[in-house]
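Heads up: the structure comes next, in structure tokens.
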């Protein structure tokens, strides 16, 4: 891949960010988007993280793409016409569900998130045998 000056690509304006977000939302990976812009994936990632608003928009697009992957998982199973196609569809559906889980763990992860508040009273005693000072 021929290296491209990252500034010349990404300083083109807000339409570049919108295009990147649209592509990610459609299910493209950061590596695929980077190839399209002829930059390294790490450059694209650093560019995204350099601005909190840009990072937020890309993260939002990634979370939205999780829905598309979950839908793909269901469609591929429904589209299987014979046993071989169903076995293949199960593998693809498993991969698509994994993609959804990685892109939006709060919604698609196997684990349950729990917030727990614990209050405890702790009594501390002096084991040295010294009298407490009032300094």
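Numbering (full-length UniProt numbering), first residue to last: 1 to 135. Glycine residues also receive a C-beta, built at the ideal position from the N, C-alpha and C atoms. These figures come from a predicted structure and were not determined experimentally.
Taking the alpha-carbon positions, what's the residue i to residue j distance?
i: residue 117; j: residue 25; result: 36 Å
i: residue 113; j: residue 101; result: 14 Å
i: residue 61; j: residue 15; result: 15 Å
i: residue 105; j: residue 58; result: 15 Å
i: residue 56; j: residue 19; result: 15 Å
i: residue 47; j: residue 120; result: 45 Å
i: residue 127; j: residue 51; result: 53 Å
Quick check on residue i: buried or exposed, where buried means 16 or more other Cβ atoms within 10 Å of its Cβ?
i: residue 103; result: buried
i: residue 84; result: exposed
i: residue 122; result: exposed
i: residue 109; result: exposed
Residue i: which of the options sits nearest, CA to CA?
i: residue 17; options: 40, 27, 119, 44; result: 44
i: residue 28; options: 65, 119, 120; result: 65
Using 8 Å as the cut-off, can you tell me whether the segment 66 to 76 makes contact with the segment 85 to 96, which would need three or more C-beta pairs spanning the two stretches below that distance?
yes
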